[in-house]
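Chemist:
Numbering (the numbering used here), first residue to last: 1 to 1062.
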């Protein structure tokens, strides 16, 4: 992205200026400075706004719409919208000629001396102007004057400051949002009336232009900032929508007529600001400017569909019309600017497609742009050997690769492969380097893109592509920096050793040796020389011989590394020997010996000297078998019983290729799990001394057992003969599949194991639901118990009191619980013992009852121990004893039914204005029961009940009165009376009258009744004009409280008026 202006490619976010939070700012006249009065709060607000000051290339999913906030001083002024040209021209006559021109924006192509004069398209300064310098909203923080004797004067100073700030922002259409910081005591007393007065006096908008914020430490400032953020976004959309309308109103002036252009060109030529043959901006260029501006303003409004359509229009106009009509070709300045604009448009289109979850369209847009670049370069006559032919696609690929990197999502999700995009950019830079471009710049750009592609492939775990990029990166480093190319070559070489590709392995070894020799890395030379001493493909045998001949043989050259032997390479370093391993069976029981064989054969044609051989199990640091080279005649080595983690030793002749060396023994594994032979380690003599190299055990070798008579006995087929699965002794835990809510049951354990322990644990969600475990030795309830592995062990399990899925996690351990033995999981479905249909009935605001119809749905008789209703104290409702469940020891058979009634008593009607549909929830019906019989365990089940909150009494009573008759065309006086019935609370009400055709309504159809004092009565009057005779129904009047949470009842008498003729 360094090749592009940041403002052209970053995501556009509404610009907001925040003032009044900087400590070094000046205080308003007659008012306190917020950072001086409340330093901690202002610092916290500034820190909260700080993350919103940075523009980004990509917004993470779920982050929501963001704004770009900037902290400014209180006296910060906006730049002028228009200015006259020629203010810095030294010639007085030319300065007067330019000053006679109409004032224009300095970013217009018709502004002499501007960055776009006379044929420029779009400058990044236009984005910076609307996204940083000219805000859509000004967020101003002030201190609310305290309530003292000079309150009126302080409020007047505050009103004057707000009025002046609003007047300074009005020419640019910037909206003002003021935040008044109030002392906790003043805020608790209520500042709504003062805030409304200040807002009206300052002439601010009624829709949330002034807010009051308490400076108390416990106030929820984060919630306030979220509310302000939502309000600022809504205002910013309106501002950018109005700016878009302004641009559309001037659409007919694009391109400007000659009567406008010629005076500008003449004045500029007189001032020597215009070359004689310099062209002016064409009509397609003006169209590109228009579409780009409208698209950017739509993106600022978060109208991504409209922005995408306008950006597509701008891109088509630029690529299909402007480039064909423009005589400029690379490397002309205006042509390069147009290329940058095209890439920026493609980036914005791809990003908008990805935001709309259309990765296929994003990928198609990229492919279309690359094809358009090829076609345009061909139209310019740029041959494939021209560096400019590859510079444009290289920058485009790199820009989109950075977008894919910022998105941090896999290619299958967003359709852009970050690694491949970086790789394509690197290929274009390498082609430019081949076409005699500046060597250092092109090679540096190619290396940077290849490094980014390598990191991207590794991050997405695509090893082959990562090593592919690593080889190209090493080739780019090799001519000038072989020391940096060597690590990439050796890392890739280790990969192809494991893959078993001899041609690629040998070719990479030759290239790595060529890189190691110039940088005199003696350890790498020794490793690679040993690599080339193995058999290589015939086509590379001559090159391998010549490469080994170039390795220095002088002792003085190797003496510098004698004290530091080379480190051992990774698994698969050499093919000096072949190693196969096999177990007698594919499965074994823990602690029982299992025979194994390891067969070793030396490769033919190898010239290295093997000194020792060690065979390793996967995951074990110590080798299982260690064989030292010795001139012995035996070809079979027996090592006896060997547990994992220990080492068995032996001696054998490792130099001869045939017959094969057979190492056999018995593996005794006490820990269940997979066991496999992984690799063998060779100690080989080299110029630096003994070197340890690793050889993998063949994974897909045939399952054969070698007899002393050299015969081979086939074993049962299996996926890998070198692997063994160690299983634990059989363990049977009989957990029921279904339990009733709250039921307690005993679970027995059956096993043949005599040592170890069984750990039973509840899943976290089951423990939170109310399930519990316990044993006879420890009767307390737990979420986890540990039992000895014995045939008579058992534990009890209590199901949750509500229906759910109970999950038990079990694993047995050995050695005091240090080693896992086996793991399993059981799921138990918890079903209700009863079906309950409960209803809550309120006789009035104080008395009610819960009516519950129940039916037992279990499969065996049970006995009831008790029934009650649990009500949280916060609800203010008391539940009495349940009626209908007096027989506590009654036996219930399957499908028995009953009715339980629980009286309720409330403290009084609810007056909570914030009580919603879920208010009063939390009450439960609790039933204690046990299985029929003396040995039944006590069980308990719960059922949630409907909300128990008492009905709420309305605070405001509305009544409507009207005369019984009237005359057509004459006014009928309708009187509306609102009475606050509360003795403690202030109430608000909103009225709305339905307009009907039968009669006309004089006045507004909506009225507000704010601040109804306790027991206050207010009267409103509407005039109705009947339009026809007969019985005329009065218009419907509806009323709500101020918050709109409850509709108020309206009493109308009479409901109709009889209308007669005059």
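Just so it is clear, CB atoms sit at the ideal spot from N, CA and C, and this is done for glycine as well. This structure is a prediction, so every number in the text was calculated from the model and none was measured.
Give, in chain order, every unbroken run of the alpha helix (DSSP H) that is at least 4 residues long and sits entirely within the region 39-109.
Modeler: The region 39-109 contains these whole alpha helix (DSSP H) runs: 39-49 and 92-99.
Chemist: Among the residues of its own chain, which have a CB less than 6 Å from the CB of residue 640, if the five just before and after it don't count?
Modeler: Same-chain partners within the cutoff: 665.
Chemist: Taking 9 Å as the cut-off, decide whether the C-beta atoms of residue 831 and residue 926 are in contact.
Modeler: In this structure, residue 926 does not lie closer than 9 Å to residue 831 by Cβ.
Chemist: Mark residue 531 as exposed unless 16 or more other C-beta atoms lie within 10 angstroms of its C-beta, in which case mark it buried.
Modeler: With 16 or more other Cβ atoms within 10 Å, it is buried.
Chemist: Would you kindly work out how many angstroms separate the C-alpha atoms of residue 986 and residue 1034, rounded to a whole number?
Modeler: Whole-angstrom Cα-Cα distance: 30 Å.
Chemist: Grab me the residues of residue 801's own chain with a C-beta within less than 7 Å of its C-beta, minus the 5 sequence neighbours each way, in chain order.
Modeler: Closer than 7 Å at Cβ, skipping near neighbours: 741, 742, 770, 940, 941 and 942.
Chemist: So what does DSSP say about residue 275, is it helix, strand or coil?
Modeler: Coil.
Chemist: Measure the Cβ-Cβ separation of residue 312 and residue 349 and say whether it is below 9 Å.
Modeler: Contact flag set, yes.
Chemist: Under DSSP, the alpha helix (DSSP H) around residue 871 begins and ends at which residues?
Modeler: Here residue 871 belongs to no alpha helix (DSSP H), and DSSP marks it neither H nor E.
Chemist: Between the region 338-352 and the region 381-401, are three or more C-beta pairs nearer than 8 Å?
Modeler: The answer is yes - the region 381-401 touches the region 338-352, with three or more Cβ pairs under 8 Å.
Chemist: Decide yes or no for the touch test of the region 289-306 against the region 242-262: beta carbon pairs closer than 8 Å, at least 3 of them.
Modeler: Yes, the region 289-306 touches the region 242-262.
Chemist: Smallest Cα separation from residue 662: which of 684, 168 and 711?
Modeler: If we check each option's Cα against that of residue 662, 711 comes out closest.
Chemist: How is residue 362 classed by DSSP in three states: helix, strand or coil?
Modeler: Reduced to three states, the DSSP call for residue 362 is helix.
Chemist: Would you kindly report the start and end of the unbroken alpha helix (DSSP H) that includes residue 773?
Modeler: From DSSP, residue 773 is part of no alpha helix (DSSP H) but of the beta strand (DSSP E) over 772-774.
Chemist: Could you tell me which of 654, 700 and 505 sits nearest to residue 467, measuring between CA atoms?
Modeler: For the residues 654, 700 and 505, the minimum Cα distance to residue 467 belongs to 505.
Chemist: Label residue 214 either buried or exposed according to how many other C-beta atoms from any shown protein chain fall within 10 Å of its C-beta, with 16 as the threshold for buried.
Modeler: The residue in question, residue 214, is buried, as its Cβ has 16 or more Cβ neighbours within 10 Å.
Chemist: On the three-state DSSP scale, how would you describe residue 166?
Modeler: If DSSP states are grouped into helix, strand and coil, residue 166 belongs with the helices.
Chemist: I'd like the span of the alpha helix (DSSP H) that includes residue 127, first residue to last.
Modeler: Taken as a continuous stretch (DSSP letters only), the alpha helix (DSSP H) holding residue 127 covers 124-128.
Chemist: In the DSSP output, what is residue 809 paired with across the bridge?
Modeler: In DSSP, residue 809 forms a bridge with 761 and 825.
Chemist: Residues in its own chain within less than 6 Å of residue 428 by CB, not counting five upstream and five downstream?
Modeler: Same-chain partners within the cutoff: 390, 393 and 394.
Chemist: Can you tell me which of the three DSSP states residue 501 falls into?
Modeler: Reduced to three states, the DSSP call for residue 501 is coil.
Chemist: Do the CB positions of residue 31 and residue 212 come within less than 9 Å of each other?
Modeler: Taking 9 Å as the Cβ cut-off, residue 31 and residue 212 do not qualify as a contacting pair.
Chemist: Are the Cβ atoms of residue 978 and residue 989 separated by less than 9 Å?
Modeler: The answer is yes: Cβ separation under 9 Å.
Chemist: Looking only at its own chain, which residues have a Cβ that is under 8 Å from the Cβ of residue 782, when we skip the five neighbours before and after it?
Modeler: Same-chain partners within the cutoff: 772, 773 and 774.
Chemist: Can you find the residues in the same chain that come closer than 6 Å, C-beta to C-beta, to residue 103, ignoring five residues on each side of it along the sequence?
Modeler: Excluding positions up to five away in sequence, the list reads 82, 83 and 84.
Chemist: Does DSSP put residue 144 in a helix, a strand or coil?
Modeler: The answer is coil: DSSP assigns residue 144 none of H, G, I, E or B.
Chemist: What residue from 86, 789 and 229 has the CA that sits closest to residue 114's CA?
Modeler: Per the Cα distances, 86.
Chemist: Inspect the beta-carbon positions of residue 369 and residue 404 and report whether they are closer than 9 Å.
Modeler: Contact flag unset, no.
Chemist: For the structure I just gave you, are there three or more beta carbon pairs, one from the region 833-846 and one from the region 877-885, closer than 8 Å?
Modeler: Taking 8 Å as the limit for Cβ pairs, the verdict is that the region 877-885 does not touch the region 833-846.
Chemist: Put residue 377 into one of helix, strand or coil per three-state DSSP.
Modeler: Residue 377: helix per DSSP, three-state reduction.
Chemist: Here's the rule I'm using: 16 or more other beta-carbon atoms within 10 Å means buried, otherwise exposed. How should residue 8 be labelled?
Modeler: Its Cβ being crowded by 16 or more others within 10 Å, residue 8 is buried.
Chemist: Within this structure, are the beta carbons of residue 232 and residue 169 separated by less than 9 Å?
Modeler: Against a cut-off of 9 Å, the Cβ pair of residue 169 and residue 232 comes out as no contact.
Chemist: I'd like to know whether the C-beta of residue 269 is nearer than 9 Å to at least one C-beta of chain D.
Modeler: Although the question refers to chain D, the structure presented lacks it and comprises just one protein chain.
Chemist: Can you tell me the Cα-Cα spacing of residue 295 and residue 315, whole angstroms?
Modeler: One C-alpha to the other measures close to 11 Å.
Chemist: Would you kindly check if the distance between the Cβ of residue 695 and the Cβ of residue 681 is under 9 Å?
Modeler: A contact, by the Cβ cut-off of 9 Å.
Chemist: Given residue 425, which residues of its chain have a CB within under 7 Å of its CB, disregarding the five upstream and five downstream residues?
Modeler: Here the set comprises 394, 397, 398, 401 and 449.
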